[in-house]
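Numbering (the working numbering), first residue to last: 50 to 169.
The structure appears below as structure tokens.
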Amino acid sequence: MATANEERLAVDVKSLPGATVVALSGELDHDTAEPLRQALETAWQDGGRLLVDLSRLDFCDSTGLNVLLHGRLVVREAGGSLELVGLHRPVERMFRITGADELFQLHADVEGALATARRG
50 MATANEERLA VDVKSLPGAT VVALSGELDH DTAEPLRQAL ETAWQDGGRL
100 LVDLSRLDFC DSTGLNVLLH GRLVVREAGG SLELVGLHRP VERMFRITGA
150 DELFQLHADV EGALATARRG
């Protein structure tokens with residue numbers, strides 16, 4: 050049976066040609082960050098390209114932002130990249146205010162991110 054915190058954040062991981070996609074839906078905060086931390090830890094062990102899809106994320110606090118920033122550093126050290134997809138209001142506002150939007154490569158959607166890699 051899922052706990053209340055697990056019901057507030059869903060984390061779905063898919064391996065696609067050229068990238069691993071971690072899709073989030075719900076609320077990412079102090080109480081719900083652990084499933085994302087675990088998913089990123091598993092995904093970044095392979096290095097490569099990691100796309101975090103935020104298009105269905107309703108809320109993100111500083112804890113969630115710190116998990117993503119830490120993930121970005123770890124993936125870069127492993128020779129990969131962590132990129133954000135679907136950044137939108139109200140989540141986008143926190144990234145903009147903190148300047149974190151300048152640290153990540155941003156994409157409108159997963160398809161566009163994958164197409165960028167094919168063209169690059």
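Beta carbons are placed, not taken as given, at the ideal position from N, Cα and C, and that holds for glycine.
Residue pairing for ASP61: DSSP places it in a beta bridge opposite ALA72. In this structure, VAL159 places its C-beta atom within 7 Å of the C-beta atom of ASP102. For HIS156, the secondary structure class from DSSP, reduced to helix, strand or coil, is strand. Nearest Cα to LEU100 within the set GLU56, GLY135, GLY148, ASP107: GLY135. DSSP lists no bridge partner for LEU85. In this chain, the alpha helix (DSSP H) harbouring GLU141 covers 140 to 147. In the displayed model, ASP150 falls within a helix according to three-state DSSP. Distance from the Cα of GLU151 is smallest, within the candidate group PRO84, GLN94, VAL123, LEU133, for LEU133. Beyond the five residues adjoining it in sequence on each side, VAL123 comes within less than 6 Å, by CB distance, of TRP93 in the same chain, given in chain order. A direct Cα-Cα distance of roughly 6 Å separates SER64 from VAL70.
Taking C-alpha positions only, ALA59 is separated from GLY75 by approximately 6 Å.
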